[in-house]
Structures are given as C-alpha cells and as structure tokens.
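In the working numbering, the protein residues as written are 321 to 493.
Reviewing the structure listed below.
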C-alpha cells in the first residue's frame with residue numbers, strides 16, 4: 321500500500337496572497353526587530369526553501385544584525401525605502417534593490433527610518449543545522465531541526481583559549 325502524499329497548490333494568485341493573514345514576528349534577541357510576514361513557501365508546501373512577503377513598519381528593524389554559517393538568503397525590495405546595514409556600511413535601499421547573502425557572508429540587517437512601510441520578498445535556504453553570529457551582542461546561536469540555543473561567544477573562547485574555533489587535538493606525550 322502506497323502512502324498518499326498531500327500536495328499543496330503550487331499557484332497562488334495575488335488575491336490569495338492578499339487574503340493571507342499577516343504573521344507578526346518579534347526577533348528573539350531584539351524586541352525592536354518586528355516584521356510582518358506572509359509565508360509564501362509554506363502555502364506552496366516547500367520544505368528546503370523559505371520565501372515570504374515581508375512588511376517592515378516605520379521605526380522597526382527586520383532582525384538583529386547577524387550572519388549565517390549555512391543559510392543563504394536574499395531580499396528584493398518591492399516598495400518603500402529603508403537602510404541596509406551590511407558589514408561596516410549602511411546603504412539606502414528602495415524598490416528594485418536586491419541583496420543576496422551567501423553562507424558566511426557579512427552580517428546584515430534592515431531598518432525602516434521612514435514614514436512608509438518597507439515591503440520586500442525574502443527567501444532563503446532551510447538547512448537542518450545552522451550557526452548564526454550576532455556580532456553586536458557577541459552571541460553565537462546554534463539551530464538544529466528548529467531548536468535554538470544561544471551562547472555568549474566569550475564562553476566559546478574561554479573553553480578554547482587559543483581563540484581558534486577549530487577543535488583542538490590532544491597533544492601526544
């Protein structure tokens with residue numbers, strides 16, 4: 321007996337998307353990082369790729385400034401204006417601008433300092449395991465199958481005094 325696979329619809333019309341409820345997300349490490357999303361990929365039954373329509377209200381951040389070890393992601397600005405902090409630089413962004421972040425790329429975040437909503441398409445990979453650094457907070461977060469554990473980076477270095485993040489091999493006596 322074969323198991324029947326339930327498939328979600330592949331096509332979602334603009335009216336379907338307009339009727340999807342917005343989901344409010346507050347970042348676990350930054351209460352000023354509030355974004356409203358419509359999870360498009362979930363509606364289509366995608367598992368390894370996440371894609372969402374995102375609205376960032378005036379005065380809000382998209383996330384805490386961060387970088388991923390395994391996730392890759394992109395953002396494409398649809399409407400509104402904002403500021404993208406990428407590495408040590410801040411850039412003005414607006415409709416038609418694209419940002420892509422490969423594994424281990426520069427840390428990044430968005431901020432909406434304007435009086436209008438900033439709306440963008442956000443998509444990225446969904447690996448089972450990822451490590452995320454938050455340089456402003458000196459936190460490293462480990463995600464395994466959706467479970468997150470955050471650790472102060474100093475604790476990692478205290479456990480590994482040579483400050484490399486490579487495992488130490490025992491010395492042969």
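Yeah, the Cβ is synthetic: ideal placement off N, Cα and C, and Gly gets one too.
For this session: Take residue 438 as the anchor and find which of 334, 354 and 464 has the nearest alpha-carbon.
Result: 354
Exercise. Are the CB atoms of residue 449 and residue 464 nearer to each other than 8 Å?
Worked result: yes
For this session: Return helix, strand or coil for residue 360, following the three-state DSSP convention.
Result: helix
For this session: Give the range of the beta strand (DSSP E) segment to which residue 453 is assigned.
Result: From DSSP, the beta strand (DSSP E) with residue 453 extends over 449–454.
For this session: Identify which residue in 378, 455, 326 and 393 has its Cα closest to the Cα of residue 385.
Result: Nearest of 378, 455, 326 and 393 to residue 385, Cα basis: 455.
For this session: Determine the contact status of residue 357 and residue 345, defining contact as a CB-CB distance below 8 Å.
Result: yes
Exercise. Going along the chain, which unbroken runs of the beta strand (DSSP E) with 3 or more residues stay wholly within the stretch 336–387?
Worked result: 343–347, 350–359 and 369–376
Exercise. Below 8 Å between beta carbons: does that hold for residue 332 and residue 364?
Worked result: yes
Exercise. Apart from the five residues on each side of it in sequence, which residues of its chain come closer than 7 Å, Cβ to Cβ, to residue 399?
Worked result: 415 and 439
Problem set entry | Other residues of its chain near residue 328: CB distance less than 6 Å, five sequence neighbours each side excluded | 364 and 365
For this session: Could you tell me which residues DSSP pairs with residue 444 in its beta bridges?
Result: Looking at the DSSP assignment, residue 444 forms a beta bridge with 370 and 393.
Exercise. On the premise that residue 421 lies in contact with residue 389, defined as a C-beta separation below 8 Å, what is that separation, rounded to the nearest angstrom?
Worked result: Between residue 421 and residue 389 the Cβ distance is about 12 Å, and since that is not below 8 Å, they are no contact.
Exercise. Do you know offhand how far residue 335's Cα is from residue 460's?
Worked result: As the crow flies, the alpha-carbon of residue 335 is around 40 Å from that of residue 460.
For this session: Just the C-alpha distance for residue 453 and residue 330, rounded to the nearest angstrom, thanks.
Result: 34 Å
For this session: Report, in whole angstroms, the separation of the C-beta atoms of residue 430 and residue 404, which I expect to be a contact under 8 Å.
Result: 6 Å
For this session: Would you check whether the ligand SAH has a heavy atom nearer than 7 Å to the C-beta of residue 464?
Result: Summarising the ligand content, the structure contains no ligands, and the ligand SAH is consequently not present.
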